[in-house]
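Step one of this worksheet: look at the structure below.
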Amino acid sequence: MSDIAIELRGIDKSFGLVHANKNINLTVRKGTIHGIIGENGAGKSTLMSILYGFYQADKGDIVIDGKTVTIKDPNAAIASGIGMVHQHFMLVENFTVLENVMLGAEDSQILNTSISKARVELKRLEKEYALEVNPDALIEQLPVGLQQRVEILKALYRKADILILDEPTGVLTPPEADHLFRILGQLKDQGKTIIFITHKLREIMAITDEVSVMRRGEMVATCKTKETSVEELAELMVGRRVLLRVEKGAANPGEVKLAVENLTVRDSRGVTMVDNVSFNLRAGEIVGIAGVAGNGQSELLEAISGIRKAVGGKVLLNGQPIDVTAHVDPRDLRDRGLAHVPEDRHHVGLVLKFEEAENGILGYHHDKRYLKGVFLNTKAIQADAEEKIKKYDIRPPNPRLKTANFSGGNQQKIVLAREMERGPDVLIIGQPTRGVDVGAIEFIHKRIIEMRDQGKAVLLVSVELDEIRALSDRIIVMFAGRVVGERDPDATEGELGLLMAGVEGRKEAAE
Amino acid sequence: MSNPYAKLPGWAEYGLIPLINLVVAFLVAGLVVLLVGENPLNAAYHMINGAFGRGEYIGFTLYYATTFIFTGLSVAVAFHAGLFNIGSEGQAYIGGIGVALACLWLDKTMPWFVVFPLAIIGSAFFGAMWAFLPGWLQAKRGSHVVITTIMFNFIASSLMVYLLTKVLKPLGQMAPQTRTFEAGGQLPKLDWLMSIFGLNLGNSPFNVSFLLALLAAFGVWVLIWRTKLGYEMRTMGHSPSAARYAGIGEARITVIVMMISGGLAGMMALNPIMGEQYRMQLDFVQGAGFVGIAVALMGRSHPAGIIPAAVLFGMLYQGGAEIAFEMPSISRDMIVIIQGLVILFAGALENMFRPAIGRAFAGIGRRSAVAAQTRGA
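Protein sequences, first through last, are from chains Z and C. All the letters of the first sequence, read from the start, carry residue numbers 344 to 854 under this note's numbering. All the letters of the second sequence, read from the start, carry residue numbers -15 to 361 under this note's numbering.
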């Protein structure tokens, strides 16, 4: 037996005219954690989908344990000992842990026999890999970290020797991520091979043994993690030098532009998502709201921007109240100087089927500049779009192109250009760089700081703690809908991580 | 990556794919004809000849097409705002009241060109009002238009039976219909248009409402792609969450769009009532509202697609009638089967051939790219 778990030789894959994987060679050693890093659209997911049997390569071989195999579907991948933990969990929410683990791998038509067999096997796995989880708990009642553990158990139950994890830390708090890393370490010690896909350089440095970098469908480098650096990897990913730290001067906060008092928001099921939240936002400062996704940040943004009705509380914009508990017209808020870059640009911030220029006026289409009576002034709209394309370096520079055909980073620039160029007093931004490539992140961060330096008040929500820490002048941490603490940007990651996990917060509240 | 289909050039997207779908639909229809024991080529000949063989036949085809342009536009306008108006049938039926009232009131005293504008306004108004209620119910009460418009079709049908038997029928007449209109209630035929092409209109009822239909198609294009309202409609149609973000009032757009859609459906009534029968009869819509759904689907909700799609369905109607006449073993119901196949392949199975065509194009694209490279080297 060789010490090589997987070898990919000359893998090539095209979708129509898109060449997603170009002649990829990859060697993953047995019993190691192998990181694969690259920007969005670099071809990481395609490569892993080929390995897991979702797609067939046009050319190339997959060699597992020294044998060339054909993986025509995920079942074949499982049979070859490959397990995958998807970015979005593939779990049945109203099934128990046990039921989810055995789903599709029942070894008898009689359910009871399968269940009792599965229970014994699950117990063994839990003990062997120290992955405790109550087999009878319903998935929907488990925290995200545990759900992910169930996904790992599912793969192990199917006797996977090679585990692929696709962006596993996106939904985790820093402590949960640390825990995951410990688990992966144990799995490695037990002889499992792990392929770890991420776009976060820090994680690669923390846990991988080797790392491969992909760029534009090509494998540009593979190296030992110990022998490389964050800067080198970033440069390999983007193809040029990148500024990883944001340079900014001290904030110069002015008067209060946005005051939120005791805001409470419930979601459509009646669950309280924002619980009695108060804070101020001043001109010339960036306030970051940190928190794990799903702790009320989204609903907070929606309530302030008039998309979602609040059930209680007050919001003052430039000293004037916004009637957040009644129907608010987002158009009215825009007129009063509030701009909003929504978290979900695909469904909220943009209409993907529109031409770029059409998206450039979304929400501002009442503006006289863009109209001739009841008709659209297509010339003015076009000219406006061209100007913004130039200023924000949106590529390709074609205002007639369908928005769906722009990359994530360029789509985000379209939204930012629209919202920033109005010169709003208050700018609220959700996930400014989610799904955005490293090169564009640099540009977006610079623009956000420029807005602040022009004396605008910026409210920033992001699940990327690094981003919050790099940009914010003050950090508010939300947990379970409540503000659990406010910190300076130089607070340590550990301190913020505990707040985000609700640990420190509970203590503070008790005092 | 998320889109495994290659982007096709425009002519393939809007020309080749519909054509292939259509050919396949006719091939399958041919099999059905074969099963009945008739010669499919013979049937095809009667279909084509019956629709286009003579000036008179063309006149009938375009007469039907006029009707389908109106109902197709009606459905398409609603589609653009993400609304599925299945009620064009009922709205067209009720629209007939507007036409009939204008004609009954003024046909004896005024010329057609005075009555016509009033009839247009009347038909659009009545059609719009019939669509206003479902629109309002969805906007304010959340009752889905798909359900309510179907219900309103039945209500329209019952209401018209009542009106035509009790209110609008002249005394002493058996048939449930209004009296026949005088000259002021009769639209002129378009024989001059046909004679430009050297064709004789014969007995066909091809009339000026065809020009109105073309005008309406242009108007719909302007509305959808060149006005603020159209922009708001499309935003809502593509992404309701983006519309909310942009401050576009869903309730307002829903009501307005349903009324425009109903108005267009109502205008359909002009063609049979003022253009052919010169009276309002029971059930004059004859399913044109439902054909409108197929026309809108096939025309991809674009006026430039709806007009040819309407002509195609006009051909199926007129040519189909001709087949039924010439080939007795093929009944009227067979024609419905053929129409159904066209709808099936052009609408529901629209994407069936797309992946294969996409692959073919990608292959050609890559090969030519490689060829260009080698030439360059």
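Where is the CB? At the ideal position from N, CA and C, for every residue including glycine. Quantities reported herein were computed from a predicted structural model and do not represent experimental measurements.
query: Is it the case that the Cβ atoms of Ala473/Z and Gly426/Z are separated by a distance below 8 Å?
result: In the first sequence, the residue the question calls residue 473/Z occupies position 130. In the first sequence, the residue the question calls residue 426/Z occupies position 83. No, the Cβ-Cβ distance between Ala473/Z and Gly426/Z is not below 8 Å.
- prompt: Is there at least one Cβ from chain Z nearer than 8 Å to Ser142/C's Cβ?
  reply: To locate residue 142/C, count along the second sequence from 1; it is residue 158. Under the Cβ distance rule, Ser142/C does not count among the residues neighbouring chain Z, no pair being separated by less than 8 Å.
message: Excluding the 5 residues flanking Val826/Z on each side, which residues of the same chain have their C-beta closer than 6 Å to its C-beta?
response: Position 483 of the first sequence holds residue 826/Z. Scanning its chain for C-beta atoms nearer than 6 Å, with the 5 sequence neighbours on each side dropped, one finds around Val826/Z the residues Val620 and Ile819, in chain order.
- prompt: Which chain C residues sit within Cβ distance under 7 Å of Ile650/Z?
  reply: Your numbering for residue 650/Z matches position 307 in the first sequence. The contact set of Ile650/Z on chain C, defined by CB atoms closer than 7 Å, consists of Arg228 and Tyr229 in chain order.
- prompt: Is Glu494/Z near Asn437/Z, with beta carbons less than 8 Å apart?
  reply: By one-based count along the first sequence, residue 494/Z stands at place 151. By one-based count along the first sequence, residue 437/Z stands at place 94. Result no, Cβ atoms of Glu494/Z and Asn437/Z do not sit closer than 8 Å.
query: Does the beta-carbon of Ala115/C have 16 or more other beta-carbons within 10 angstroms, so that it is buried, or is it exposed?
result: One-based indexing of the second sequence puts residue 115/C at position 131. The residue in question, Ala115/C, is buried, as its Cβ has 16 or more Cβ neighbours within 10 Å.
message: What does the Cβ neighbour count give for Val98/C, buried or exposed, with the cut at 16 atoms within 10 Å?
response: The count along the second sequence starts at 1 and reaches residue 98/C at position 114. Only exposed fits Val98/C, as fewer than 16 other CB atoms lie within 10 angstroms of its CB.
task: Find the residues of chain C that neighbour Asp833/Z, judging by a C-beta separation of less than 8 Å, and give them in chain order.
output: Within the first sequence, the letter at position 490 stands for residue 833/Z. Chain C residues near Asp833/Z: none, gap ~35 Å exceeds 8 Å.
message: Can you confirm whether Phe539/Z, when its beta carbon is compared against all beta carbons of chain C, has any partner nearer than 8 Å?
response: On the first sequence, position 196 is the one that residue 539/Z refers to. Not a single CB atom of chain C sits nearer than 8 Å to the CB of Phe539/Z.
query: If the cut is a Cβ gap below 9 Å, which residues of chain C does Gly692/Z touch?
result: The sequence position of residue 692/Z within the first sequence is 349, counting from 1. The answer, in chain order, is Ala226 and Tyr229.
query: In terms of residue numbering, what span does the beta strand (DSSP E) encompassing Gly656/Z cover?
result: Numbered from its first residue, the first sequence carries residue 656/Z at position 313. That run of the beta strand (DSSP E) goes Gly655 to Leu660.
query: When you compare only the Cα positions, how much space is there between Gly513/Z and Ala108/C?
result: Counted from its first residue, the first sequence places residue 513/Z at position 170. Counted from its first residue, the second sequence places residue 108/C at position 124. The alpha-carbon atoms of Gly513/Z and Ala108/C are separated by roughly 54 Å.
message: Mapping the DSSP letters down to three states, classify Gly716/Z as helix, strand or coil.
response: Here residue 716/Z refers to the residue found at position 373 when the first sequence is read from its first residue. Looking at Gly716/Z - three-state DSSP - the assignment turns out to be coil, as it is neither helix nor strand.
message: Using a 10 Å radius around the Cβ and a threshold of 16 neighbouring Cβ atoms, would you call Met557/Z buried or exposed?
response: Taking the first residue of the first sequence as position 1, residue 557/Z is located at position 214. Classification for Met557/Z: buried.
query: So, using beta-carbon positions, are Asn137/C and Gly71/C closer together than 8 Å?
result: Your numbering for residue 137/C matches position 153 in the second sequence. Your numbering for residue 71/C matches position 87 in the second sequence. Their beta carbons are under 8 Å apart, which means Asn137/C touches Gly71/C by this criterion.
- request: Can you check DSSP and say which residues form a bridge with Thr370/Z?
  value: Position 27 of the first sequence, counting from 1, holds the residue named residue 370/Z. When DSSP reads this structure, Thr370/Z sits in a beta bridge with Glu350/Z.
query: Is Gln399/Z helix, strand or coil by DSSP?
result: Numbered from its first residue, the first sequence carries residue 399/Z at position 56. Here Gln399/Z sits in coil by DSSP.
query: Any idea what DSSP makes of Gln170/C, helix, strand or coil?
result: In the second sequence, the residue the question calls residue 170/C occupies position 186. In the three-state reduction of the DSSP assignment, Gln170/C falls in the coil class.
query: Roughly how many angstroms lie between the CA atoms of Lys600/Z and Lys657/Z, to the nearest whole one?
result: Taking the first residue of the first sequence as position 1, residue 600/Z is located at position 257. Taking the first residue of the first sequence as position 1, residue 657/Z is located at position 314. Between Lys600/Z and Lys657/Z, the C-alpha separation is close to 14 Å.
- prompt: Got a sec? Which residues, its chain only, sit under 7 Å from Thr551/Z by beta carbon, not counting five neighbours each side?
  reply: In the first sequence, counting from the first residue as 1, residue 551/Z sits at position 208. Beyond the five residues adjoining it in sequence on each side, Thr551/Z comes within less than 7 Å, by CB distance, of Ile376, His377, Gly378, Phe539 and Thr568 in the same chain, given in chain order.
message: Quick check on the burial criterion: 16 or more other C-beta atoms within 10 angstroms. Buried or exposed for Asn595/Z?
response: Mapped onto the first sequence, residue 595/Z falls at position 252. Flag for Asn595/Z reads exposed.
query: Can you find a C-beta in chain C that's less than 8 Å from the C-beta of His431/Z?
result: Translated into positions along the first sequence, residue 431/Z becomes position 88. No, His431/Z does not count as interfacial toward chain C.
- prompt: Measuring from the CB of Thr776/Z, is there a heavy atom of the ligand MG at a distance below 7 Å?
  reply: Within the structure as shown, the ligand MG is missing, as the structure has no ligands at all.
query: Arg525/Z lies in the alpha helix (DSSP H); which residues open and close that run?
result: The residue given as residue 525/Z occupies position 182 in the first sequence. From DSSP, the alpha helix (DSSP H) with Arg525/Z extends over Pro517 to Asp532.
Nearest-angstrom Cα separation, counted from Pro775/Z out to Ala636/Z: Taking the first sequence and counting its residues from 1, one reaches residue 636/Z at position 293. Taking the first sequence and counting its residues from 1, one reaches residue 775/Z at position 432. Roughly 14 Å separates the two Cα atoms.
task: Measure the C-alpha to C-alpha separation of Asp809/Z and Met562/Z and round it to an integer number of angstroms.
output: If you number the first sequence from 1, residue 809/Z lands on position 466. If you number the first sequence from 1, residue 562/Z lands on position 219. Each residue's Cα considered, the two are about 27 Å apart.
- prompt: Gly34/C and Asp91/C look like a contact to me (Cβ under 8 Å); what is the Cβ gap, rounded to whole Å?
  reply: Here the question's residue 34/C lines up with position 50 in the second sequence. Here the question's residue 91/C lines up with position 107 in the second sequence. Contact between Gly34/C and Asp91/C is ruled out by a C-beta separation of about 33 Å, above the 8 Å threshold.
Interface residues of the stretch 704 to 719 of chain Z facing chain C [CB-CB below 7 Å]: For the stretch 704 to 719 of chain Z, which is checked against every Cβ of chain C, the residues closer than 7 Å are Leu705, Gly706, His708, Leu714, Val717, Phe718 and Leu719.
Chain C residues whose Cβ lies nearer than 9 Å to that of Asp672/Z: To locate residue 672/Z, count along the first sequence from 1; it is residue 329. Here the neighbours are Gly231 and Gly233.
- prompt: Taking DSSP as the reference, what is the three-state secondary structure of Gly637/Z?
  reply: Counted from its first residue, the first sequence places residue 637/Z at position 294. If DSSP states are grouped into helix, strand and coil, Gly637/Z belongs with coil.
query: Using a C-beta to C-beta distance shorter than 8 Å, which residues of chain Z count as neighbours of Lys212/C?
result: Position 228 of the second sequence, counted from the start, is the residue given in the question as residue 212/C. Ordered by position in chain Z, the residues that pass the 8 Å Cβ test against Lys212/C are His708, His709, Leu714, Val717, Phe718 and Leu719.
query: Can you tell me where the beta strand (DSSP E) with Lys652/Z in it begins and where it stops?
result: Mapped onto the first sequence, residue 652/Z falls at position 309. Note, Lys652/Z: premise wrong, no beta strand (DSSP E); not H, not E.
- request: Starting from the C-beta of Val617/Z, find all residues in its chain whose C-beta is less than 7 Å away, skip the five residues before and the five after it, and write them out in chain order.
  value: As a position in the first sequence, residue 617/Z is number 274, starting the count at 1. Spatial neighbours of Val617/Z in its own chain (CB-CB distance under 7 Å, excluding positions within 5 residues in sequence) are listed in chain order as Leu606, Thr607, Val608, Gly639, Glu642, Leu643, Ala646 and Gly824.
task: Please classify Ile232/C: does DSSP put it in a helix, a strand, or coil?
output: The residue given as residue 232/C occupies position 248 in the second sequence. Coil, per DSSP.
query: When burial is assigned at 16 or more other CB atoms within 10 Å of the CB, is Ile393/Z buried or exposed?
result: The sequence position of residue 393/Z within the first sequence is 50, counting from 1. Counting other Cβ atoms within 10 Å of its Cβ, Ile393/Z reaches 16 or more and is therefore classed as buried.
query: Would you say Ala361/C faces chain Z, with C-beta separation under 8 Å as the test?
result: Counting from 1 along the second sequence, the entry for residue 361/C is found at position 377. Model confidence at Ala361/C stands at a pLDDT of 38, short of 50, so the residue's coordinates are unreliable and nothing is read from them.
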